[in-house]
């Protein structure tokens, strides 16, 4: 079972990094919320002014002097709020220890982000439906926070980003969500994954590599080379050099359509959805003070190993083409995007 809050990462050229940080902060912070800033140099401030925070960061950012701050964020599809941490690292710091270069954490504790309990009514329990409810309650927040970090405006400063429940930015196909500013470069998630796994390089250090340079690094590897993946079969247990090169040669629209088709929920998820919708409606009624008399309900934990295992194996995938021209791939933080990619590549006949 995962033991941490989700972590969101974004790559941006250092020359534009503070502008990207400023845009993300403005998109995240609740207006008037207290902001706690600490620079690596031990300079810092407590304020409710975004402008004051940004002025201090611009005055001290550089070398190995990075910016770390805490404040409050509200989620787009919820009335609730939580603490978030936003960090911005210099290239020099990234060379010493890759942590960013832009990093967002949601909540101070795991249960700030993930639901711990949900209400259920009379009748037989359904672990599958309860897990589906838990997924519904966070799936929108994953995409919302990733886009507020990577694409809070139309500047396009951030070409790529990702989300995971781990403490490091690993191969994109091993993350639970990825953002790419250019849908035509969707296959870079595969190329970046292969290069990172094959060459043992931190993604945060190479995420800004051009698609052409990534392709050249894959081509330079010997024929037949594979990198191990966490799959359930021999077919999905590794990713070959040849599969990546064939995906890079596939028209982006064809690749996108295959991912959309592969994102159709499986039978187990579809079977759980009717009861999950009933539980979501019960939750809404309990939270609606004007709803009047509501059915009796009691609260049950949705953080058991059984709930988690169902999400790891069946949580649905979401493939979104963004108005900006970008693309967002996402699932629940307990799952990775590799099954989505593996299914799409298999349907296209690219798995080898």
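Residue numbers (the working numbering): 259 to 610.
All C-beta atoms, glycine included, are put in the ideal place defined by N, C-alpha and C.
All of these numbers come straight from a predicted model, not from anything done at the bench.
- For residue 266, the enclosing beta strand (DSSP E) has its first and last residue at 265 to 269.
- Its chain contains 379, 380, 540 and 543 as the residues whose beta carbon lies nearer than 8 Å to that of residue 553, once the 5 sequence neighbours on both sides are disregarded; these appear in chain order.
- Residue 377 has its alpha-carbon roughly 34 Å from the corresponding atom of residue 410.
- Around residue 366, the same chain offers 341 as residues with beta carbons nearer than 7 Å, after the five sequence neighbours per side are excluded.
- Sorting 398, 419 and 364 by C-alpha distance to the C-alpha of residue 408 places 419 at the top.
- Taken in chain order, the unbroken stretches of beta strand (DSSP E) that lie wholly in the region 309 to 384 and span 3 residues or more are 325 to 332, 339 to 346, 360 to 364 and 375 to 378.
- For residue 473, the enclosing alpha helix (DSSP H) stretches over residues 469 to 478.
- Unbroken beta strand (DSSP E) stretches of 3 residues or longer found wholly inside the region 482 to 557: 484 to 486 and 496 to 498, given in chain order.
- Secondary-structure assignment with DSSP links residue 592 through no beta bridge to anything.
- Taking residue 443 as the centre and dropping the five residues before and after it, the same chain places the C-beta of 469 closer than 7 Å to its C-beta, in chain order.
- By the Cβ test, the region 457 to 474 is in contact with the region 345 to 359, since at least three Cβ pairs between them sit closer than 8 Å.
- Secondary-structure assignment with DSSP links residue 438 through a beta bridge to 418 and 585.
- A residue is called buried once 16 or more other Cβ atoms fall within 10 Å of its Cβ, and residue 300, having fewer, is exposed.
- Taking the Cβ atoms as the reference, residue 332 lies roughly 15 Å from residue 293, outside the contact range of under 8 Å.
- By the criterion of at least three beta-carbon pairs nearer than 8 Å, the region 427 to 441 is in contact with the region 575 to 587.
- Per DSSP, reduced to three states, the secondary structure at residue 305 is strand.
- Within the same chain, and ignoring the five residues on either side of residue 399 in sequence, the residues whose Cβ sits closer than 6 Å to its Cβ are 333.
- In the DSSP annotation of this structure, residue 288 is not part of any beta strand (DSSP E), being labelled neither H nor E.
- By alpha-carbon distance to residue 532, the top candidate from 389, 276 and 458 is 389.
- Look at residue 425 here: in three-state DSSP terms it is coil, with no helix or strand label.
- Comparing alpha carbon positions, the residue from 582, 313, 322 and 561 closest to residue 592 is 561.
- Cα atoms of residue 445 and residue 524: separation of roughly 24 Å, rounded to the nearest angstrom.
- Closest in alpha carbon position to residue 577, among 563, 499, 599 and 570, is 599.
- The bridge partners DSSP lists for residue 433 come to none.
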